[in-house]
Each structure stands twice: as structure tokens, then as C-alpha cells.
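Here the structure is laid out as C-alpha cells; the discussion comes afterwards.
Residue numbers (our numbering): 6 to 217.
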């Protein structure tokens with residue numbers, strides 16, 4: 006009996022050491038969950054879209070790009086930080102908003118049509134002209150109010166840029182135009198600790214602490 010108790014004490018002791026040496030275990034014991042990490046979903050995005058080697062939440066290339074999280078809450082806010090080289094010229098303007106779920110077949114069908122690229126799944130999106138390097142575009146979704154989507158540029162509401170209504174399950178999305186020279190990219194910011202601005206009265210798309 007004494008031998009069995011010694012074994013149990015030994016196991017408990019080793020378990021305590023393992024847990025105390027793993028910060029994630031301490032978080033879970035305290036009832037904290039690991040922060041959610043989201044990125045550009047290349048399976049739902051145009052084949053001409055790319056993600057950065059260093060960060061899968063930075064989108065490059067051209068065409069429609071969707072993020073891998075649905076907009077479920079009544080009010081939500083996220084940002085796109087724009088990077089544009091000084092010599093950039095493009096065929097159209099970048100667009101911001103939301104899009105319904107897409108797949109490879111969607112893009113295959115459209116590639117064979119005469120529909121211009123900026124019409125490929127961008128019904129619930131709005132273009133912003135004349136962006137500069139470092140600009141931040143904020144997107145506010147209010148599913149119980151009209152307009153349902155409002156855009157902000159560097160913290161200032163763009164009253165003329167809004168989407169009145171959208172339907173169905175939607176995902177944060179961006180459309181990058183094809184550049185005839187230079188380059189354009191955008192980084193998806195979805196947590197409060199990442200924001201350049203205060204969220205314009207709406208909560209962040211994803212709640213949770215940073216893992217950086």
C-alpha cells in the first residue's frame with residue numbers, strides 16, 4: 006500500500022512540473038483560450054491572388070481575396086493596411102467589403118466569360134480611389150442597420166462609400182486590381198491590438214489577445 010502511494014505521489018509531482026513548465030497549460034487551467042489566428046483563404050480566392058511568404062494575412066497579386074472567417078456578429082470591424090509602390094499604375098481601384106463563399110469552379114467559369122475581373126464576386130464591395138502607401142481602410146459591418154457596410158479611410162468615414170445590404174454568409178474580402186507597373190498589397194488586421202484606429206464604435210471582428 007505504501008508503495009502504491011509513493012507511485013501516485015511521484016506521478017502527481019511529475020505532472021505538476023510538466024504543467025508549470027508550459028505557459029499554454031497555465032492559460033488553459035486559468036480558463037483562457039488560445040487566440041484565434043486568421044488569414045487569406047487561397048482556396049476561396051482568385052488563382053491570381055498570393056499571400057506573403059512571411060505572413061498569410063498579407064495579400065498580393067490581383068483579383069478577389071477572401072479571409073477564412075465568417076462575419077457572424079451583428080457589429081464588427083476590421084482594417085486593411087495598404088502598401089503601394091511609388092510607381093504603381095493599375096487598371097482599376099482596390100475594393101473593400103464582404104463576399105459570399107467562393108471556390109475554384111467559380112473562378113473557372115468567370116475566366117471563360119466577358120465579365121470584367123472587378124465584377125467577380127464584388128457585389129457587396131466598394132472601390133476606393135487614389136489610395137497612398139500606408140493608408141488604412143476600416144470596414145464596419147452593422148447587420149441590423151442601413152447601410153450594412155460603411156468604409157473608413159484613415160479613421161474618417163467615407164459617407165459616399167457604403168453597401169446598403171448584403172445577404173447570406175459572408176467573409177471579409179478585398180479586391181486588388183491588376184497593376185500595369187509597380188505593386189500593391191494589403192495586410193488584414195482583425196484584432197484590437199493590431200488596429201491603427203479605434204474601431205469606429207464597432208467591436209473587432211475577432212476578440213482575443215495577441216500571440217505576438
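Glycine included, C-beta positions come from ideal geometry on N, C-alpha and C.
Note that the structure is a prediction, hence the values are computed from the model and not measured.
Run of the alpha helix (DSSP H) containing residue 115, from where it starts to where it stops: From DSSP, the alpha helix (DSSP H) with residue 115 extends over 109 to 116.
Which partner residues of residue 184 appear in the DSSP bridge assignment? According to DSSP, which records beta bridges pairwise, residue 184 is partnered with 95.
When you compare only the Cα positions, how much space is there between residue 182 and residue 74? Near 23 Å, if we compare the C-alpha coordinates of residue 74 and residue 182.
Which value, in whole angstroms, describes the spacing of the CA atoms of residue 59 and residue 92? Their Cα atoms are separated by approximately 24 Å.
Count the other CB atoms within 10 Å of the CB of residue 204; is the residue buried (16 or more) or exposed (fewer)? Burial of residue 204 is indicated by the presence of at least 16 other C-beta atoms within 10 angstroms of its C-beta.
Along the chain, where does the beta strand (DSSP E) that runs through residue 87 open and close? 80 to 89 is the span of the beta strand (DSSP E), which, as asked, contains residue 87.
Any idea what DSSP makes of residue 34, helix, strand or coil? In this prediction, residue 34 has a pLDDT of 40, which is less than 50 and means its spatial position is unreliable; what the coordinates show is noted afterwards. Under the three-state reduction of DSSP output, residue 34 falls in the helix class.
Range covered by the beta strand (DSSP E) that runs through residue 154: Taken as a continuous stretch (DSSP letters only), the beta strand (DSSP E) holding residue 154 covers 154 to 158.
Less than 8 Å between the beta carbons of residue 103 and residue 149, yes or no? In this structure, residue 103 sits away from residue 149, with a CB-CB distance that is not shorter than 8 Å.
Quick one: give me the first and last residue of the beta strand (DSSP E) that residue 104 is part of. Its beta strand (DSSP E) spans residues 100 to 105.
Please classify residue 56 as buried or exposed, where buried requires at least 16 neighbouring CB atoms within 10 angstroms. A residue is called buried once 16 or more other Cβ atoms fall within 10 Å of its Cβ, and residue 56 is buried on that count.
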